[in-house]
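Each remark here refers to the structure printed beneath this line.
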Amino acid sequence: MSDAAMKPGWTPRSAWAGILSEGSFGAKGSAGVIVTAREGLGIASLIAPEDGEAALSQAVKTRLRLDLPTTPRIAVLAGRALVWAGPGLWLLVTEDRTGFADDLQALSGLAAIADQSDGRAVLTLSGGKIRAALAKGCMIDLHPSAFPVGSAALTSIAHIGVHLWRAEDGPNGAVFEFMVARSMAGSFWSWFSASAAEFGCQVTIPRACHVGRG
Amino acid sequence: MRIPCPHCGARDAQEFTYLGDANPKRPEGMETTEAAMFDYVYQRDNPAGRLRELWYHGAGCHAWLVVTRDTRTHAIEAAEPAKPTKAGAAA
């Protein structure tokens, strides 16, 4: 997308453009479900080579000051997260793309790295009724006793592959990040909006669209 | 049926894809006999009882697992990563 963005006439387009609209829908009153679209994230998949996990782990520790999670967890520091995505497989997720390319370059000899920034669509989900809404299709037990802050999981919701993790709690309680393939964003929203409507749902789309790559 | 994925925890079977018996080893194609290759490709036991079988956790961790399951009761005795033993790989 970055090359295309430099050409006149091409404008980066949010994965949620034409799918989400700002405002409230569903039941009236205070929203039980709060949705925030994520824009401008840096996302890359990291696959460690056979017997190369220790070297990658060391490099990640040095470069990002993060420990590679070896269980379904996330490691977060200073706007960067490493999300477990399977044995020997992780996602690096950064709040913006400043320095993102440099991070990938620094790790490039130690893992198979692919930039997924424009290939995934992410929503931040919270609110007092968020677990009730998700329970209509999510087979993961998201109760705090089973899914504490920092937990991650890959699963299938409405036949859509979903990567999810629990961020630090916010003012509305538990906060979940839900990531789907960009091409499935519309299908995921179709399921989620129908599930969340009875609780009242408030949607926020941040102004900042794609930030230039560092 | 829920499969206790060693990476992800217990998950519904719909997250997995079934391959079958984990025991057959692919013969070296250039050296083996036609009969041995026929056996490997087509012949499978169909036991009523304990079976080691391959499952792929496609909606989860994308790992192949060897699941030891009783085909009569669906009771699962063990589920372990297939990679260390290279289950299903060439002999």
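Listed in order, the protein sequences are those of chains A and B.
Here our numbering = 1-based position in the first sequence + 298.
Here our numbering = 1-based position in the second sequence + 4.
We put the CB at the ideal spot given by N, CA and C, even for glycine.
Identified DSSP bridge partners for residue i
i: residue 84 of chain B; result: B:70
i: residue 477 of chain A; result: A:420, A:461
i: residue 344 of chain A; result: A:388, A:411
i: residue 332 of chain A; result: A:424, A:500
i: residue 22 of chain B; result: B:59
i: residue 373 of chain A; result: A:380
i: residue 7 of chain B; result: B:15
i: residue 471 of chain A; result: A:468
Rounded straight-line distance, which links the Cα of residue j to that of residue i
i: residue 447 of chain A; j: residue 380 of chain A; result: 14 Å
i: residue 14 of chain B; j: residue 445 of chain A; result: 13 Å
i: residue 58 of chain B; j: residue 19 of chain B; result: 14 Å
i: residue 21 of chain B; j: residue 328 of chain A; result: 42 Å
i: residue 371 of chain A; j: residue 388 of chain A; result: 10 Å
i: residue 480 of chain A; j: residue 390 of chain A; result: 17 Å
i: residue 458 of chain A; j: residue 452 of chain A; result: 11 Å
i: residue 6 of chain B; j: residue 308 of chain A; result: 47 Å
i: residue 11 of chain B; j: residue 71 of chain B; result: 13 Å
i: residue 359 of chain A; j: residue 352 of chain A; result: 10 Å
i: residue 413 of chain A; j: residue 339 of chain A; result: 11 Å
i: residue 311 of chain A; j: residue 505 of chain A; result: 13 Å
i: residue 321 of chain A; j: residue 469 of chain A; result: 19 Å
i: residue 512 of chain A; j: residue 402 of chain A; result: In this prediction, residue 512 of chain A scores a pLDDT of 33, lower than 50, which makes its location untrustworthy; no coordinate-derived value is stated.
i: residue 382 of chain A; j: residue 45 of chain B; result: 36 Å
i: residue 16 of chain B; j: residue 65 of chain B; result: 13 Å
i: residue 326 of chain A; j: residue 373 of chain A; result: 37 Å
i: residue 35 of chain B; j: residue 47 of chain B; result: 19 Å
i: residue 350 of chain A; j: residue 464 of chain A; result: 28 Å
i: residue 490 of chain A; j: residue 78 of chain B; result: 33 Å
i: residue 400 of chain A; j: residue 415 of chain A; result: 15 Å
i: residue 386 of chain A; j: residue 85 of chain B; result: 13 Å
i: residue 74 of chain B; j: residue 61 of chain B; result: 19 Å
i: residue 466 of chain A; j: residue 348 of chain A; result: 33 Å
Boundaries of the alpha helix (DSSP H) in which residue i is found, first to last residue
i: residue 322 of chain A; result: Run containing residue 322 of chain A: none in the alpha helix (DSSP H); it sits in the beta strand (DSSP E), 321-323.
i: residue 484 of chain A; result: 483-494
i: residue 402 of chain A; result: 398-405
i: residue 41 of chain B; result: 38-46
i: residue 355 of chain A; result: 351-362
Beta-carbon proximity list for residue i, same chain, < 8 Å, skipping 5 on both sides
i: residue 318 of chain A; result: 333, 335, 487, 501, 503
i: residue 483 of chain A; result: 313, 314, 317, 419
i: residue 357 of chain A; result: 404, 405, 408
i: residue 76 of chain B; result: 52, 53
i: residue 384 of chain A; result: 452
i: residue 460 of chain A; result: 436, 452, 453, 454, 476, 477, 478, 486
i: residue 87 of chain B; result: 67, 68
i: residue 40 of chain B; result: 31
i: residue 367 of chain A; result: 373, 380, 381, 382, 388, 450
Beta strand (DSSP E) segment containing residue i, residue limits
i: residue 454 of chain A; result: 450-455
i: residue 413 of chain A; result: 410-413
i: residue 54 of chain B; result: 54-60
i: residue 14 of chain B; result: 13-16
Distance between beta carbons of residue j and residue i, contact taken as under 8 Å
i: residue 55 of chain B; j: residue 25 of chain B; result: 7 Å
i: residue 83 of chain B; j: residue 8 of chain B; result: 5 Å
i: residue 362 of chain A; j: residue 344 of chain A; result: With 8 Å as the limit, residue 362 of chain A and residue 344 of chain A do not qualify as a contact, their Cβ atoms being about 11 Å apart.
i: residue 342 of chain A; j: residue 354 of chain A; result: Contact flag wrong, Cβ pair sits at about 13 Å.
i: residue 462 of chain A; j: residue 450 of chain A; result: 7 Å
Neighbourhood of residue i by C-beta, 6 Å cutoff - its chain only, sequence neighbours within 5 removed
i: residue 455 of chain A; result: 435, 436
i: residue 331 of chain A; result: 425, 427, 428, 431, 494, 497, 499
i: residue 23 of chain B; result: 58
i: residue 393 of chain A; result: 377
i: residue 509 of chain A; result: Reliability fails at residue 509 of chain A, whose pLDDT of 42 lies under 50, so the model's placement of it is uncertain and no value is given.
i: residue 28 of chain B; result: 44
Residue i: CB within 7 Å of a non-hydrogen atom of the ligand GTP
i: residue 328 of chain A; result: Because no ligand of any kind appears in the structure shown, any question about the ligand GTP cannot be addressed here.
Cβ-based neighbour list, residue i, same chain, cut-off 7 Å, excluding 5 preceding and 5 following
i: residue 422 of chain A; result: 334, 336, 473, 475
i: residue 471 of chain A; result: 424, 426
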